[in-house]
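There are 4 protein chains.
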Amino acid sequence: MTRPGRPAGPTTDTETVVLTAALDLLLSEGAAALTAQRLHQVTGVSRSTVYRHWPTPAAVLAALIDVAPTPPAPPSGDLARDLHAAVDQLCDRLRDRPVGAFLQALIVAAAADPSTAQLRHRYVGDLLTPFHTVLRTAGVPATDREDAVAAIVSPLLLDALLLDRPAARTRAHRIVDTVARRLDPASEAEPA
Amino acid sequence: MTRPGRPAGPTTDTETVVLTAALDLLLSEGAAALTAQRLHQVTGVSRSTVYRHWPTPAAVLAALIDVAPTPPAPPSGDLARDLHAAVDQLCDRLRDRPVGAFLQALIVAAAADPSTAQLRHRYVGDLLTPFHTVLRTAGVPATDREDAVAAIVSPLLLDALLLDRPAARTRAHRIVDTVARRLDPASEAEPA
Amino acid sequence: MTRPGRPAGPTTDTETVVLTAALDLLLSEGAAALTAQRLHQVTGVSRSTVYRHWPTPAAVLAALIDVAPTPPAPPSGDLARDLHAAVDQLCDRLRDRPVGAFLQALIVAAAADPSTAQLRHRYVGDLLTPFHTVLRTAGVPATDREDAVAAIVSPLLLDALLLDRPAARTRAHRIVDTVARRLDPASEAEPA
Amino acid sequence: MTRPGRPAGPTTDTETVVLTAALDLLLSEGAAALTAQRLHQVTGVSRSTVYRHWPTPAAVLAALIDVAPTPPAPPSGDLARDLHAAVDQLCDRLRDRPVGAFLQALIVAAAADPSTAQLRHRYVGDLLTPFHTVLRTAGVPATDREDAVAAIVSPLLLDALLLDRPAARTRAHRIVDTVARRLDPASEAEPA
DNA sequence: ATTTAACCGAGACGGTACGTCCCGTCTTTAC
DNA sequence: GTAAAGACGGGACGTACCGTCTCGGTTAAAT
Chain B
1 MTRPGRPAGP
11 TTDTETVVLT
21 AALDLLLSEG
31 AAALTAQRLH
41 QVTGVSRSTV
51 YRHWPTPAAV
61 LAALIDVAPT
71 PPAPPSGDLA
81 RDLHAAVDQL
91 CDRLRDRPVG
101 AFLQALIVAA
111 AADPSTAQLR
121 HRYVGDLLTP
131 FHTVLRTAGV
141 PATDREDAVA
151 AIVSPLLLDA
161 LLLDRPAART
171 RAHRIVDTVA
181 RRLDPASEAE
191 PA
Chain S
1 MTRPGRPAGP
11 TTDTETVVLT
21 AALDLLLSEG
31 AAALTAQRLH
41 QVTGVSRSTV
51 YRHWPTPAAV
61 LAALIDVAPT
71 PPAPPSGDLA
81 RDLHAAVDQL
91 CDRLRDRPVG
101 AFLQALIVAA
111 AADPSTAQLR
121 HRYVGDLLTP
131 FHTVLRTAGV
141 PATDREDAVA
151 AIVSPLLLDA
161 LLLDRPAART
171 RAHRIVDTVA
181 RRLDPASEAE
191 PA
Chain A
1 MTRPGRPAGP
11 TTDTETVVLT
21 AALDLLLSEG
31 AAALTAQRLH
41 QVTGVSRSTV
51 YRHWPTPAAV
61 LAALIDVAPT
71 PPAPPSGDLA
81 RDLHAAVDQL
91 CDRLRDRPVG
101 AFLQALIVAA
111 AADPSTAQLR
121 HRYVGDLLTP
131 FHTVLRTAGV
141 PATDREDAVA
151 AIVSPLLLDA
161 LLLDRPAART
171 RAHRIVDTVA
181 RRLDPASEAE
191 PA
Chain L
1 MTRPGRPAGP
11 TTDTETVVLT
21 AALDLLLSEG
31 AAALTAQRLH
41 QVTGVSRSTV
51 YRHWPTPAAV
61 LAALIDVAPT
71 PPAPPSGDLA
81 RDLHAAVDQL
91 CDRLRDRPVG
101 AFLQALIVAA
111 AADPSTAQLR
121 HRYVGDLLTP
131 FHTVLRTAGV
141 PATDREDAVA
151 AIVSPLLLDA
161 LLLDRPAART
171 RAHRIVDTVA
181 RRLDPASEAE
191 PA
């Protein structure tokens with residue numbers, strides 16, 4: 001990583017600075033704040049520079065999402081325990097990480113730039129992946145898998161997206177119990 | 001004590017003209033198009049007049065929602081049949097009526113005007129009401145009711161909101177079957 | 001064809017109410033405040049009514065000027081005394097009455113409505129009339145009369161119009177002395 | 001400690017273009033035309049840019065006045081001749097240059113922005129300066145000086161301001177004769 | 001007493017200007 | 001080659017007036 005030319009200067013990594021501030025902005029002011037103008041005001045980085053790196057607010061959003069990728073899924077155990085673990089992890093991310101803000105931002109961005117839809121689909125897919133993995137590993141057939149994932153995850157996302165309330169973790173665990181009991185009657189798991 | 005002069009009230013049917021166009025705009029261009037400017041361009045109604053009637057885009061949205069109220073709930077039968085009916089009705093509304101667009105618009109509007117959240121909560125509540133009614137009539141306890149409604153409705157809303165695909169009607173019916181079988185083992189209803 | 005209607009004129013004293021308020025407005029806020037809107041706010045008289053009576057702000061101004069006509073000139077005496085009296089009267093009007101405000105208003109109004117110029121010329125003429133009368137009575141020839149009136153009156157108007165300071169009464173009297181001494185060397189009048 | 005980047009300063013001659021057009025506008029349409037909107041229509045320069053340079057019409061007016069400064073006073077000779085020269089110069093400026101329009105504009109501007117008064121006082125002062133200089137050089141005491149300047153200049157300004165007629169040059173010269181004869185009886189100058 | 005028209009109030013409507021803000025592009029300069 | 005500074009055109013925004021219009025209520029005069 002040799003930088004040509006410019007010998008002096010602290011060479012602050014502009015992208016890091018801006019993206020960090022962008023994340024703060026997204027969480028504090030919402031998706032509409034991811035503007036070149038706004039980022040300039042917050043970071044001091046010149047407006048021209050911001051435009052050069054990310055020509056559109058959607059690009060900033062995409063960069064943000066790429067920067068904070070989904071952490072690897074839990075190893076594995078039996079069906080019920082793994083589902084509970086995945087629920088806990090998703091609830092944690094909905095609480096601590098900007099997953100909710102990301103989802104809202106992805107909808108808001110699509111209002112101005114329809115091409116964002118693809119990014120949104122990918123992001124939702126990433127959120128669902130752990131659950132699909134667990135169920136597929138347990139040998140659940142595709143249709144049942146779809147239904148189960150939908151019944152478990154959708155309510156959590158809806159809480160964050162439409163009702164502005166923390167993810168109903170215990171309700172999600174109850175639904176997991178129901179699902180697990182139906183798909184794998186042998187295991188009579190207890191809620192976490 | 002009647003004061004002289006002409007009583008209040010808009011003489012013309014400006015509101016009708018604008019709201020009709022607003023609905024078209026919302027469906028064709030999304031929530032960001034519900035601007036006074038845009039409505040003026042589309043309807044020919046003066047920008048001042050649009051502002052006079054609805055000072056903010058959120059007001060237009062609210063008026064639109066009030067104009068298209070939830071149709072009355074179905075009469076009643078047994079649990080499974082009523083749930084299936086409610087699912088069908090919701091899927092129809094998601095397909096024919098701008099429920100999906102409304103939901104997206106309500107999120108977009110909240111980005112600029114946080115006071116829209118209340119409107120959004122009310123709207124989602126109205127969507128859930130039929131299901132709650134059916135389950136309460138059948139004597140299902142509150143907690144189970146919450147879980148059931150969440151498991152049934154959330155996936156449908158999420159399809160419209162995040163994945164831009166038509167409501168997965170058959171999956172919803174399968175989930176209704178599961179739920180109904182668990183809550184009311186007597187009925188062994190088949191999917192419609 | 002005798003109609004049994006009500007063929008009378010304006011019954012109420014709306015005009016009085018509005019014009020009184022208009023005068024106050026002119027003095028307190030300047031010529032730009034003589035708006036139908038503003039008069040409505042101040043008087044409570046409906047905007048429509050104001051428009052009905054005076055279609056344009058210039059009309060209000062004209063009505064105001066007609067309402068406050070120049071009081072009759074002083075009877076007469078010798079040249080110097082009469083000139084001093086006229087100066088005093090003009091200074092009083094510049095101080096107490098809205099002559100200064102009228103002049104400014106007449107210039108401001110002309111910016112929006114060039115037809116006001118005629119009104120302005122008439123008004124200035126009325127202000128000069130007493131001086132011309134006095135000098136003509138004293139037998140001063142036309143050219144000298146013009147010069148004398150200009151030298152005496154113009155500085156007073158300029159103070160009010162351009163320099164926003166009270167009329168320099170004593171200076172005016174000094175100029176009158178100079179003029180009178182030159183035009184009528186017999187009279188060695190003392191300043192008032 | 002030179003910071004990187006391009007230093008300030010408008011690259012193009014936008015200001016020249018706009019101010020030239022502004023002068024034309026002032027003379028052809030009056031003070032009320034010195035609007036950002038109007039300047040944009042006339043010059044093609046964007047409205048934003050006009051606002052960026054002169055946030056208020058009064059600023060445009062001030063810039064115009066600064067652009068056309070008073071030319072240097074005449075060298076000097078005896079009292080009467082210098083006064084006649086100053087009168088001629090002022091009459092020329094009232095005829096050729098927009099002094100009359102400036103004065104009207106300064107009054108109109110004050111109607112919307114009282115802070116313009118200061119600018120107006122300064123401008124009138126500049127107009128009077130040559131006369132004061134001449135008289136002071138000739139040793140005329142302060143009070144007489146004030147009277148003389150007022151008697152000579154005020155009629156000229158009033159013609160331009162209130163009566164919309166060309167400056168009465170010959171009358172001004174007659175008044176100068178009278179004044180000079182009184183202040184400096186040695187010189188029995190004839191009108192130029 | 002009834003008619004009749006002048007007067008007035010309330011306000012909807014289209015239109016225009018205002019001043020502010022943001023956006024995206026560009027050029028020029030400095031490192 | 002990258003960053004900073006900022007001028008510029010363009011456009012939307014929300015507000016404020018303006019002038020016109022219609023509608024409805026009141027009232028004073030003339031029959």
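Protein chains in written order, with this note's numbering: chain B, 1 to 192; chain S, 1 to 192; chain A, 1 to 192; chain L, 1 to 192. Ideal placement from N, C-alpha and C gives every residue a C-beta, glycine not left out. Since the model is a prediction, treat every value here as computed from it, not as a measurement.
Nearest-angstrom Cβ-Cβ length linking S:L27 and S:L34, presumed shorter than 8 Å: Actually they are not in contact, since the Cβ atoms of S:L27 and S:L34 sit about 11 Å apart, beyond 8 Å.
Are there 16 or more other CB atoms within 10 angstroms of the CB of B:D177, so buried, or fewer, so exposed? buried
Would the segment 120 to 131 of chain B and the segment 99 to 111 of chain B be scored as touching if the rule is three or more Cβ pairs under 8 Å? yes
Look up L:P155 in the DSSP assignment and say whether it is helix, strand or coil. In the three-state reduction of the DSSP assignment, L:P155 falls in the helix class, which pools H, G and I.
Verify whether the separation of the beta carbon atoms of L:V18 and L:V60 is less than 9 Å. It is a contact, given that the beta carbons lie within the stated cut-off.
Take S:L23 as the anchor and find which of S:A142, S:A63 and S:H53 has the nearest alpha-carbon. S:A63
How big is the Cα-Cα spacing for B:E190 and S:R81? Any answer about B:E190 is weak, because its pLDDT of 47 lies below 50 and its placement is not dependable; what the coordinates show is given next. Near 31 Å, if we compare the C-alpha coordinates of S:R81 and B:E190.
Can at least three beta-carbon pairs, one atom from the segment 49 to 60 of chain S and one from the segment 159 to 167 of chain S, be found at a separation below 8 Å? no
Look up B:P202 in the DSSP assignment and say whether it is helix, strand or coil. Absent from the structure is residue 202 of chain B, since the part of chain B shown begins at 1 and ends at 192.
DSSP three-state assignment for L:L161, whether helix, strand or coil: If DSSP states are grouped into helix, strand and coil, L:L161 belongs with the helices.
Chain L beta carbons: is any one of them nearer than 9 Å to that of A:R145? Chain L places no beta carbon closer than 9 Å to that of A:R145, leaving this residue out of the contacts.
Is the CB of L:T178 under 9 Å away from at least one CB in chain A? yes
Minimum Cβ-Cβ distance from S:D88 to chain B less than 9 Å: no
DSSP three-state call for L:L34: helix, strand or coil? coil
Less than 9 Å between the beta carbons of B:A172 and B:I152, yes or no? In contact: B:A172 and B:I152 (Cβ atoms closer than 9 Å).
Name, please, each residue of chain S whose Cβ falls closer than 7 Å to the Cβ of B:H121. L163
Coil, strand or helix - L:D78 by DSSP: Taken through DSSP and simplified to helix, strand or coil, L:D78 comes out as coil.
Between L:L23 and chain A, is the shortest Cβ-Cβ distance under 9 Å, so that the two count as touching? no
May I ask you to report which of helix, strand or coil DSSP gives L:T56? coil
My understanding is that L:L79 touches L:L183, with C-beta atoms under 8 Å, so please give their C-beta distance in whole angstroms. 7 Å
Is there at least one Cβ from chain S nearer than 9 Å to B:V124's Cβ? yes
Among L:R181, L:R169 and L:T14, the one whose alpha carbon lies nearest that of L:L94: L:R169
Presumed contact (8 Å Cβ cut-off) between L:L135 and L:R145, rounded CB distance: 4 Å
Give me the residue from S:P130, S:I65, S:R97 and S:D13 with the minimum Cα distance to S:T198. The displayed coordinates of chain S run from 1 to 192. Any statement about residue 198 of chain S would go beyond what the structure contains.
Are B:F131 and B:A148 touching if we call contact CB-CB under 9 Å? yes
State the Cα-Cα distance for the pair S:P98 and S:L156, rounded to the nearest angstrom. 14 Å
Buried or exposed (CB count within 10 angstroms, at least 16 for buried), A:V67: The residue is exposed, with fewer than 16 neighbouring Cβ atoms inside 10 Å.
I need the DSSP call for B:R181, collapsed to helix, strand or coil. helix
Between the C-alpha atoms of S:R174 and B:G30, what's the straight-line distance to the nearest angstrom? 37 Å
Between which two residues does the alpha helix (DSSP H) carrying B:D24 extend? T14 to E29
Going straight from the alpha carbon of L:A85 to that of L:G125, what length do you get? 18 Å
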